[in-house]
């Protein structure tokens, strides 16, 4: 009986983890793809974190420019595809 109860609790926890992970992934994808303020907030957050990494010396200024240019290019490509 204890084994069945433990298995049932484990399954419930596993289901909650899977559902929660799926919800987080969908929310992240929506925030990146949507043209509303949530999407621009995500881009702003990425750029802020990138700049902070450069200031902390985690990446060089050349790496910063390369990553920033790739990100901006990807955003422009996505905007062109959505138009």
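Numbering (this note's numbering), first residue to last: 23 to 105. Heads up, the beta-carbon is just placed ideally off N, CA and C, and yes, glycines get one too. All figures in this text were calculated on a predicted structure; none of them were measured in a lab.
Looking at residue 72: is its Cβ nearer than 8 Å to the Cβ of residue 89? Counting from 1 along the chain shown, the entry for residue 72 is found at position 50. Counting from 1 along the chain shown, the entry for residue 89 is found at position 67. Contact flag set, yes.
Whole-angstrom distance between residue 86 and residue 76, CA atom to CA atom: As a position in the chain shown, residue 76 is number 54, starting the count at 1. As a position in the chain shown, residue 86 is number 64, starting the count at 1. Approximately 6 Å, taken between the alpha carbons.
CB residue 93 to CB residue 68, shorter than 8 Å? Along the chain shown, read from residue 1 onward, the residue named residue 93 stands at position 71. Along the chain shown, read from residue 1 onward, the residue named residue 68 stands at position 46. Yes.
With H, G and I counted as helix, E and B as strand and the rest as coil, what does DSSP make of residue 59? Taking the first residue of the chain shown as position 1, residue 59 is located at position 37. Residue confidence for residue 59 is low, a pLDDT of 49 falling below 50, so the modelled location carries little weight; the figure read from the coordinates is stated next. In the three-state reduction of the DSSP assignment, residue 59 falls in the helix class.
Just tell me which of 65, 34, 36 and 42 has its CA closest to the CA of residue 100. As a working mapping, residue 100 is identified with position 78 in the chain shown. Closest in C-alpha terms to residue 100, from the list 65, 34, 36 and 42, comes 65.
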